[in-house]
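The next block holds one structure in the form of C-alpha cells; read it before the comments.
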Amino acid sequence: MPHVSAQELEPRLNDTLTRLLGAFFGFESPKKEMFNLMITDTEQLMWAKRLSALLLLHKGVKQARIARALRMTRITVARLKKVYEAEKGLVTEISRVLSSSTSYQTLVMLVK
1218 MPHVSAQELE
1228 PRLNDTLTRL
1238 LGAFFGFESP
1248 KKEMFNLMIT
1258 DTEQLMWAKR
1268 LSALLLLHKG
1278 VKQARIARAL
1288 RMTRITVARL
1298 KKVYEAEKGL
1308 VTEISRVLSS
1318 STSYQTLVML
1328 VK
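Quick note: the sequence shown, position 61, residue 1278 per our numbering, numbers continuous.
Printed below as a string of C-alpha cells:
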C-alpha cells in the first residue's frame, strides 16, 4: 500500500485535489464509481498530490513550497521534478488542458 503523509491536508486543498484528479480523468458517472471501486482513497490522494506537484512545478512554484503545502517529502517532490524535466512537453499539455478547470486555478491560488 502506498504511503501518504499522516499530516492531513487543509480541507479546501484536499477538496481541490480531489476535483482536479476528477477533471484530469474526466470523471462522470459511472467512471467515477468504477475508479472508486478500483483505487483506494489513499491511492487517489497520492495520485492527486503527484499530479498537483507536477502542475505546480510547471507554474514555477518552489519545491519546498510544494512539499509543505501538499504534505509531501522534499525527496518526493525532487523526484517529481526529474519526471517533469524529462516529460515537460506532456506536463505542459496536461496543464493546458486543465487550465480552464477551476480546480487547477484554485490549486495555484492556495499554494502560491
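Heads up, the beta-carbon is just placed ideally off N, CA and C, and yes, glycines get one too.
Between the Cα of GLY1306 and the Cα atoms of LEU1287, ILE1256, LEU1272 and SER1318, which residue gives the shortest distance?
Of the candidates LEU1287, ILE1256, LEU1272 and SER1318, the one whose C-alpha sits nearest the C-alpha of GLY1306 is LEU1272.
Roughly how many angstroms lie between the CA atoms of ARG1282 and GLU1250, to the nearest whole one?
Between ARG1282 and GLU1250, the alpha-carbon positions lie close to 33 angstroms from each other.
For the alpha helix (DSSP H) holding GLU1260, just list the boundary residues, first then last.
That run of the alpha helix (DSSP H) goes 1258 to 1275.
Rounded to the nearest angstrom, what separates LYS1279 and ARG1267 at their Cα positions?
C-alpha of LYS1279 to C-alpha of ARG1267: approximately 15 angstroms in a straight line.
Since I believe LEU1315 is in contact with ALA1240 (beta carbons under 8 angstroms), could you give me their beta-carbon distance rounded to a whole number of angstroms?
Between LEU1315 and ALA1240 the Cβ distance is about 6 angstroms, and since that is below 8 angstroms, they are a contact.
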